[in-house]
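Data block below; observations after.
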Amino acid sequence: MVATASVGEGLPDRALRVADVHLDRARLDAYCRLIGETAGEAAPPGFVHVTLFPLQLALMGRADFPLPMLGMVHVANRVEQLRAVRTDDALVATTWARDLVGRPVGSGDRLGTQVELVTEARVGRPDGELVWQGVSTYLAKGVQLPDLALLDRPERPAFSPPVPTGGWTTAKLTSREYATVSGDRNPIHTHALAARAFGFRGTIAHGMDTAARALAALGPLRGEAFTWTAEFAAPVPVPGRVALRLERAEDLDVTAGGVRPGWSMTAWDPRRGALHLRSALALA
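At position 277 of the sequence shown the residue is numbered 513 (the numbering used here), and the sequence of numbers has no breaks.
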């Protein structure tokens with residue numbers, strides 16, 4: 237553990253750090269085959285996320301973490317990649333929590349608590365070259381903590397399905413395979429009874445699985461340095477089908493540095509018309 241700057245009222249005041257992290261080539265190859273990426277020495281940003289995900293689990297599993305890990309919902313994700321992360325990089329990874337706030341849930345009066353987990357990867361040493369930073373936003377529905385600032389209700393603009401440019405199918409087998417290769421074995425993604433216990437109709441796909449498959453459609457067009465954002469909407473049922481719209485964009489406003497060109501990715505249920513994902517990749 238290492239000390240951090242102030243991270244927010246009620247959150248652990250320490251970060252977790254692990255050194256000499258290497259991307260596992262066999263696991264990387266399995267991940268790429270599963271989501272439709274081309275395997276190589278450079279890892280897709282979603283694989284860096286799953287490689288470092290155990291640090292998030294360790295932080296959320298601490299006795300001083302204020303929210304229950306079971307039932308936590310991943311509502312958004314953001315990655316700043318400064319260059320490609322490769323299998324021969326020796327990474328120093330650090331994770332900490334910030335921005336613990338209350339948030340309305342759904343259209344009624346129900347509240348929940350939201351938190352951001354920040355994970356960064358540097359090369360060689362704790363003050364080495366920063367190559368990758370991820371911010372994962374999680375929501376604990378129905379959990380209310382005292383004296384927290386309350387966010388406004390998130391805007392949900394009406395969604396009208398566009399003409400798809402691609403898509404994929406979800407299956408119980410591939411959902412279990414993603415759980416294995418990612419290390420995220422939350423039972424809502426692998427067991428229908430567990431999913432129903434948390435209010436879902438049945439097994440649902442991992443949000444980062446959906447986001448990574450959408451990003452894979454870009455292939456080499458994304459380059460090696462970019463900002464990648466994902467906002468998760470209705471969960472993806474397993475089994476099911478997902479439609480995808482990939483579109484060039486010239487004015488993506490996803491960074492503090494102003495608008496940049498890139499690509500937008502939208503995923504939805506082609507049968508029900510329910511939005512699953514809004515994602516964007518802004519080129520560096």
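Each residue gets a CB set at the ideal place from its N, CA and C atoms; glycine is no exception.
These numbers were taken from a predicted model, which means no experiment stands behind them.
{"Check": "Less than 8 Å between the C-beta atoms of W464 and V315, yes or no?", "Outcome": "yes"}
{"Check": "Quick test of your reading: V311 and F436, contact by CB under 8 Å. State the CB separation rounded to the nearest angstrom.", "Outcome": "Not really, about 15 Å apart at Cβ, beyond 8 Å."}
{"Check": "What residues are listed by DSSP as bridge partners for T405?", "Outcome": "R477"}
{"Check": "Between the Cα of L291 and the Cα atoms of H442, A470, L252, which residue gives the shortest distance?", "Outcome": "L252"}
{"Check": "Buried or exposed for G476, please, with buried defined as at least 16 other CB atoms from any protein chain shown within 10 angstroms of its CB.", "Outcome": "buried"}
{"Check": "Nearest-angstrom Cα distance between R250 and W332?", "Outcome": "7 Å"}
{"Check": "Would the beta-carbon of L480 be found less than 7 Å away from any heavy atom of the ligand MN?", "Outcome": "As for the ligand MN, it is missing from this structure, which has no ligand bound."}
{"Check": "Measure the C-alpha to C-alpha separation of T410 and D383 and round it to an integer number of angstroms.", "Outcome": "42 Å"}
{"Check": "For a test of the three-state rule: what should DSSP assign to D487, helix, strand or coil?", "Outcome": "strand"}
{"Check": "Just the C-alpha distance for G370 and L451, rounded to the nearest angstrom, thanks.", "Outcome": "15 Å"}
{"Check": "Looking at the structure shown, is P423 part of a helix, part of a strand, or coil, going by DSSP?", "Outcome": "helix"}
{"Check": "How many Å lie between V490 and A430 at the Cα?", "Outcome": "35 Å"}
{"Check": "Taking the alpha carbon of V472 as the point to measure from, which residue in Y267, I424, H258, R339 has its own alpha carbon closest?", "Outcome": "I424"}
{"Check": "According to DSSP, is R346 helix, strand or coil?", "Outcome": "coil"}
{"Check": "Considering only residues of the segment 303–348, which uninterrupted beta strand (DSSP E) runs meet the minimum length of 3 residues and lie entirely inside it, listed in chain order?", "Outcome": "309–317, 327–340"}
{"Check": "Quickly, what does DSSP pair Q380 with across the bridge? List them, please.", "Outcome": "DSSP lists no partner for Q380."}
{"Check": "Could you give the DSSP three-state label for R358: helix, strand or coil?", "Outcome": "strand"}
{"Check": "Grab me the residues of A266's own chain with a C-beta within less than 7 Å of its C-beta, minus the 5 sequence neighbours each way, in chain order.", "Outcome": "V417"}
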